[in-house]
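Chemist: Encoded as structure tokens, here's the structure I'll be asking about.
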Amino acid sequence: MSTPHNSANKGDIAKTVLMPGDPLRARFIAENYLEDVVCYNEIRNMYGYTGKYKGVPISVQGSGMGMSSIGIYSWELFNVYDVDNIIRVGTAGAIADYVELRDVVIGMSASTDSAYAKQYRLPGTYAPTASWKLLSAAVKAAEAKGSRFHVGNLFSSELFYDDADSLADWKKMNVLAIEMEAASLYMNAARAGKNALTIVTVSDCPLRGLATTAEERQTTFRDMMEIALEAAITL
Ligand code: HPA
């Protein structure tokens, strides 16, 4: 059995999947951290791999950019492939003043300007929320690693290029960082009765005009991956 976007058969994918936005990052993780790796998807080059980290089966697959793209891939992982846990590992732009370049942000919740929640026909607004099991595991792993990290509210934006420049308004509400995927991932997990978490490293500070170098992004990416992998094997 497969889907229009994933050629894996049931059973090819582990119960826990790490999802970077970039499929080449998925390949990097598979090549550098996993053993006994098998590639289960190449459709649209959205590579997916299953291997073992410290003996525990883990999969890693690209999500693409934006809530629509991760919405498709995570829906299929949860509802077609019986995946229980998805941990997004990505980058974000700092919003809060106390969030600095290279910090790790663990997304307890994800505010959004997306209409994704409309499909659930709720008589009010919905608060997309991480799973406590994954959140607490990631916090323990980040503490053990000694990384500088924050836990709080992300802003999942539909827009990378935003004509309205809304970040100052989100900042007033103590939102920590902007990215583009957590909210639909959290809603898909809630709807499927599964678990999701987003961990990001801060690659830039749009309000302060700062950005990390490609080399810094590679190093901070490794720190975040190690947090995610160590958390994943405790689930
Ligand atoms: N906006 C949206 N997504 C991002 C950003 C940003 O500034 N930086 C990293 N991911």
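Its first residue numbered 694, the sequence shown is counted upward by one per residue in our numbering.
Every residue gets a Cβ at the ideal spot worked out from N, C-alpha and C, and that includes glycine.
Let me check you understand the geometry: is the CB of residue 897 closer than 7 Å to at least one non-hydrogen atom of ligand 1?
Modeler: Within the sequence shown, residue 897 is the residue found at index 204, counting from 1. Checking the Cβ of residue 897 against ligand 1 gives yes.
Chemist: Could you tell me whether the region 796-816 touches the region 863-878, using the rule of 3 or more Cβ pairs below 8 Å?
Modeler: As far as the Cβ criterion goes, the region 796-816 touches the region 863-878, which means the pair count is three or higher.
Chemist: Taking contact to mean 3 or more Cβ pairs, one atom from each stretch, closer than 8 Å, check whether the region 831-842 and the region 752-772 are in contact.
Modeler: Short answer: they don't touch.
Chemist: Would the region 749-757 count as touching the region 703-712 if we require 3 or more Cβ pairs under 8 Å?
Modeler: They touch, by the three-pair rule.
Chemist: Between residue 851 and residue 819, what straight-line distance do the alpha-carbon atoms span, to the nearest angstrom?
Modeler: As a working mapping, residue 851 is identified with position 158 in the sequence shown. As a working mapping, residue 819 is identified with position 126 in the sequence shown. Each residue's Cα considered, the two are about 17 Å apart.
Chemist: Between the Cα of residue 896 and the Cα atoms of 746, 797, 723, 726, which residue gives the shortest distance?
Modeler: Indexing the sequence shown from 1 puts residue 896 at position 203. Closest by alpha carbon: 797.
Chemist: May I ask whether a heavy atom of ligand 1 can be found less than 7 Å away from the beta carbon of residue 853?
Modeler: By 1-based counting over the sequence shown, the position of residue 853 is 160. Checking the Cβ of residue 853 against ligand 1 gives yes.
Chemist: Residues in its own chain within less than 8 Å of residue 929 by CB, not counting five upstream and five downstream?
Modeler: Residue 929 is absent from the model: the chain starts at 694 and stops at 928.
Chemist: Are the CB atoms of residue 871 and residue 860 within a distance shorter than 8 Å?
Modeler: Locating residue 860 in the sequence shown gives position 167, counting from the first residue. Locating residue 871 in the sequence shown gives position 178, counting from the first residue. In contact: residue 860 and residue 871 (Cβ atoms closer than 8 Å).
Chemist: Select from 731, 696, 725 the residue whose C-alpha is nearest the C-alpha of residue 705.
Modeler: What you label residue 705 is simply residue 12 of the sequence shown in a count that begins at 1. Nearest of 731, 696, 725 to residue 705, Cα basis: 731.
Chemist: Quick check: what's the CA-CA separation for residue 874 versus residue 915?
Modeler: By 1-based counting over the sequence shown, the position of residue 874 is 181. By 1-based counting over the sequence shown, the position of residue 915 is 222. Their Cα atoms are separated by approximately 20 Å.
Chemist: Using a 10 Å radius around the Cβ and a threshold of 16 neighbouring Cβ atoms, would you call residue 724 buried or exposed?
Modeler: Counted from its first residue, the sequence shown places residue 724 at position 31. Answer is exposed; the Cβ neighbour count stays below 16.
Chemist: Sort out for me which residues DSSP pairs residue 929 with in a bridge.
Modeler: In this structure the chain extends from 694 to 928, so residue 929 is not present and cannot be described.
Chemist: For residue 697, count neighbouring C-beta atoms within 10 Å of its own C-beta (all shown protein chains included) and say buried if the count is 16 or more, exposed if not.
Modeler: Start at 1 with the first residue of the sequence shown, and residue 697 comes out as number 4. Exposed: under 16 other Cβ atoms inside 10 Å.
Chemist: Would you mind giving the Cβ-Cβ distance between residue 770 and residue 924, rounded to the nearest angstrom? I have them listed as a contact below 8 Å.
Modeler: Taking the first residue of the sequence shown as position 1, residue 770 is located at position 77. Taking the first residue of the sequence shown as position 1, residue 924 is located at position 231. Actually they do not touch by this definition, with Cβ atoms about 18 Å apart.
Chemist: Roughly how many angstroms separate the alpha carbons of residue 917 and residue 782, rounded to a whole number?
Modeler: Position 224 of the sequence shown, counted from the first residue, corresponds to residue 917. Position 89 of the sequence shown, counted from the first residue, corresponds to residue 782. Spanning the two alpha carbons is a distance of roughly 7 Å.
Chemist: Could you compute how far the alpha carbon of residue 927 sits from the alpha carbon of residue 921?
Modeler: The residue you call residue 927 lines up with position 234 of the sequence shown. The residue you call residue 921 lines up with position 228 of the sequence shown. Residue 927 and residue 921: Cα-Cα distance of roughly 10 Å.
Chemist: Got a sec? Which residues, its chain only, sit under 8 Å from residue 882 by beta carbon, not counting five neighbours each side?
Modeler: As a first step, residue 882 is located in the sequence shown; it is residue number 189 there, counting from the start. 767, 771, 779, 824, 888, 889, listed in sequence order.
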